[in-house]
Amino acid sequence: MRFVVLVSLLESDSAFYNQGIVDVSYRYPKMYVIRPQHFISLEKSHE
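Numbering follows the UniProt record's numbering, in which position 41 of the sequence shown is assigned residue number 41; successive positions increment by one, without gaps.
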């Protein structure tokens, strides 16, 4: 399985992006946006 992960600290006050692993594939196919602290969770969920 291939997908794109954008790890970002931008828009730090955004409730949308602060919720954890955000699936933005509705706009960008196979793409997730996460905060650095959620990277391990994403990696484990896609093993």
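Virtual Cβ for every residue (Gly too), placed ideally from N, Cα, C.
Item, Value
"Three-way DSSP call (helix, strand, coil) for residue 34 in this model", "strand"
"Alpha carbon of residue 10 to alpha carbon of residue 36, nearest angstrom", "11 Å"
"Whole-angstrom distance between residue 13 and residue 39, CA atom to CA atom", "19 Å"
"CB of residue 34 within 8 Å of CB of residue 24, strictly", "no"
"Cut-off 7 Å between Cβ atoms - residues of its own chain near residue 7, not counting five sequence neighbours on either side", "34, 36 and 39"
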